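Enquirer: Under my numbering, think of the first position of the sequence shown as 268, with each following residue one higher.
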Amino acid sequence: MNVLNADLHCHSTASDGTLQPREVVRRAHANGVDLLALTDHDELLGLPEAAGAAAELGLRFVPGVEISVSWLDQTLHVVGLGIDPSNEALIAGLAQVRGGRDGRAERIAVELERIGIRGALAGALRYAGNPSLVSRAHFARYLVEIGISKNVHDVFLHYLARGKPGYVEHVWATLEEAMGWIKGAGGLAVIAHPGRYRLSQAEMDILFDRFRDLGGDAIEVSCGAHDGGQVLAFARLARKFGLMASRASDFHGPEDSPIDLGRAPPLPPDLTPVWTHLT
Ligand code: AMP
Ligand code: MN
Ligand code: MN
Ligand code: MN
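Here's what the structure looks like:
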């Protein structure tokens with residue numbers, strides 16, 4: 268690739284990735300990534316280690332975060348890039364979002380117990396590198412371990428996705444809160460993997476309109492979750508709303524991710540890459 272190999276969304280053991288922050292950075296470097304953002308769910312804990320490892324390797328590093336948001340009846344993820352990790356409102360806001368995860372994990376375990384799966388909270392916690400950040404991905408790994416499903420994908424299909432027995436409704440941050448925290452910390456805001464949301468075209472338009480009004484900067488056009496058609500469809504939406512484009516693997520670990528670090532498809536050449544606005 269003769270353009271910058273940017274990967275602006277991935278996870279470490281500070282949330283639900285399986286590699287430690289320094290291991291994520293080393294793998295990105297080995298894969299030829301030129302610019303990397305670590306964006307753990309609702310958590311900044313991995314950033315100092317990742318930044319240190321990147322400095323040792325001479326890899327350009329961007330501090331990031333992926334914030335869980337409730338909008339209409341959906342969960343959306345908003346990535347903040349180039350945020351100041353010492354910003355107090357951001358730190359307090361993320362602590363509030365993480366706080367909600369504890370009770371939710373207990374409720375997930377209760378629902379799983381109803382269908383005969385015991386010990387799921389303790390099991391999930393064994394997979395959580397950060398006990399204050401229990402994600403459905405940790406439950407999924409435990410359910411695979413005890414033979415409930417053959418892989419994480421199947422667990423989500425049958426147990427942890429909305430409408431399935433282990434799913435519980437949860438209220439995350441509002442879009443306004445998440446945008447306020449990211450913009451207040453000097454970051455750029457990016458709508459993560461829009462192809463994963465169950466929104467009609469009209470709802471998607473309302474979302475991007477509102478996002479732009481709140482100071483939103485970019486859409487993840489190229490990401491691990493999008494097929495070729497979705498890359499083109501979200502490129503069209505980026506043009507329509509005058510938003511920049513991001514490129515992201517959403518890597519969670521060598522066994523857990525369809526796309527490795529630095530391997531998301533290139534952006535359509537007419538779009539403005541969000542990294543042109545990252546200093
Ligand atoms: P949570 O934030 O706790 O609701 O967990 C969401 C996380 O679960 C995502 O960030 C992914 O890591 C994982 N996840 C969600 N859906 C799937 C899926 N269909 N297959 C595999 N992992 C998934
Ligand atoms: Mn995740
Ligand atoms: Mn996400
Ligand atoms: Mn992610």
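Even for Gly, the Cβ is constructed at its ideal location relative to N, Cα and C. Note that this is a predicted model, so its numbers are computed, not measured.
Alpha carbon to alpha carbon, how far is LYS450 from GLY433? Give it in angstroms, no decimals.
Expert: As a working note, residue 433 is residue 166 in the sequence shown. As a working note, residue 450 is residue 183 in the sequence shown. Their backbone Cα atoms lie some 35 Å apart in a straight line.
Enquirer: Pull up the CB-CB distance for THR540 and ALA505, whole angstroms please, since I reckon it's below 8 Å.
Expert: By 1-based counting over the sequence shown, the position of residue 540 is 273. By 1-based counting over the sequence shown, the position of residue 505 is 238. The sequence given here places Pro at residue 540; Thr does not occur at that position. Contact doesn't hold; Cβ gap of about 11 Å is too wide.
Enquirer: Near GLY430, which residues of its chain fall below 6 Å by C-beta distance, leaving aside the five closest residues on each side in sequence?
Expert: On the sequence shown, position 163 is the one that residue 430 refers to. Correct list: empty, nothing qualifies.
Enquirer: Under the criterion of a Cβ to heavy atom distance below 6 Å, does ASP274 qualify as lining ligand 4?
Expert: In the sequence shown, counting from the first residue as 1, residue 274 sits at position 7. It does not: the Cβ of ASP274 is nowhere closer than 6 Å to a heavy atom of ligand 4.
Enquirer: Skipping 5 residues on each side, what residues in its chain have a beta carbon closer than 8 Å to that of ARG293?
Expert: Counting from 1 along the sequence shown, the entry for residue 293 is found at position 26. Hits under 8 Å: ALA320 and LEU324.
Enquirer: Can you tell me whether DSSP reads VAL345 as helix, strand or coil?
Expert: The sequence position of residue 345 within the sequence shown is 78, counting from 1. Strand at VAL345.
Enquirer: Hey, ALA304 and GLY331 are a contact pair by Cβ (cut 8 Å); roughly how many whole angstroms apart?
Expert: Position 37 of the sequence shown holds residue 304. Position 64 of the sequence shown holds residue 331. That pair is a contact at about 4 Å.
Enquirer: Residue ranges of each beta strand (DSSP E) run of no fewer than 3 residues wholly in the stretch 402-474, ordered along the chain?
Expert: 455-458
Enquirer: Is GLU333 close to ligand 4? I mean its beta-carbon at under 6 Å from any heavy atom of the ligand.
Expert: The residue labelled residue 333 in the question sits at position 66 within the sequence shown. Yes, the Cβ of GLU333 comes within 6 Å of a heavy atom of ligand 4.
Enquirer: Going by the C-beta, is ALA459 closer than 6 Å to any heavy atom of ligand 3?
Expert: Here residue 459 is taken as the residue at index 192 of the sequence shown, counted from 1. True, at least one ligand heavy atom lies under 6 Å from that Cβ.
Enquirer: Could you tell me how far apart the beta carbons of GLN341 and TYR464 are, in whole angstroms, since I believe they sit closer than 8 Å?
Expert: Locating residue 341 in the sequence shown gives position 74, where the first residue counts as 1. Locating residue 464 in the sequence shown gives position 197, where the first residue counts as 1. So it is a contact: roughly 5 Å between Cβ atoms.
Enquirer: Specify the secondary structure class of VAL329 as computed by DSSP and reduced to three states.
Expert: Within the sequence shown, residue 329 is the residue found at index 62, counting from 1. It is a strand residue.
Enquirer: Less than 6 Å between the CB of ASP283 and some heavy atom of ligand 1, yes or no?
Expert: Mapped onto the sequence shown, residue 283 falls at position 16. Correct: ASP283 has its Cβ closer than 6 Å to ligand 1.
Enquirer: In whole angstroms, what separates the C-alpha of VAL401 from that of ASP283?
Expert: One-based indexing of the sequence shown puts residue 401 at position 134. One-based indexing of the sequence shown puts residue 283 at position 16. Those two C-alpha atoms are separated by around 8 Å.
Enquirer: If you draw a straight line from the C-alpha of ASN354 to the C-alpha of GLY383, how long is it?
Expert: Walking along the sequence shown from the start, residue 354 turns up at place 87. Walking along the sequence shown from the start, residue 383 turns up at place 116. Rounded to whole angstroms, ASN354 to GLY383 spans 44 Å at the Cα level.
Enquirer: Should the stretch 383-394 be regarded as contacting the stretch 436-444, the criterion being three or more beta carbon pairs within less than 8 Å?
Expert: Remark: fewer than three beta-carbon pairs, one from each stretch, lie closer than 8 Å, so the stretch 383-394 and the stretch 436-444 are not flagged as touching.
Enquirer: Output needed for LEU314: all residues of its chain with C-beta closer than 7 Å, excluding positions within five of it in sequence on either side, in chain order.
Expert: Locating residue 314 in the sequence shown gives position 47, where the first residue counts as 1. Cβ within range, chain order: LEU305, PRO330 and PRO352.
Enquirer: I want to check one thing, is the minimum distance from the CB of HIS344 to the heavy atoms of ligand 3 below 6 Å?
Expert: Here residue 344 refers to the residue found at position 77 of the sequence shown. Shortest gap from the CB of HIS344 to any heavy atom of ligand 3: under 6 Å.
Enquirer: Under a three-way DSSP split, which group does MET268 fall into?
Expert: By one-based count along the sequence shown, residue 268 stands at place 1. Interpretation of MET268 is limited by its pLDDT of 49, a score under 50 that renders its predicted location unreliable; no figure is taken from the coordinates.
Enquirer: Figure out for me which residue from ARG371, GLU470 and CYS490 has the closest Cα to the Cα of ARG514.
Expert: Taking the first residue of the sequence shown as 1, we reach residue 514 at position 247. Residue CYS490 is the option with its Cα nearest to ARG514.
Enquirer: Do HIS420 and ligand 1 come close, with the Cβ less than 6 Å from some heavy atom?
Expert: Locating residue 420 in the sequence shown gives position 153, where the first residue counts as 1. Within the cutoff, so yes.
Enquirer: From the DSSP output, read off the bridge partner residues of ILE526.
Expert: Against the sequence shown, residue 526 aligns to sequence position 259. According to DSSP, which records beta bridges pairwise, ILE526 is partnered with nothing at all.
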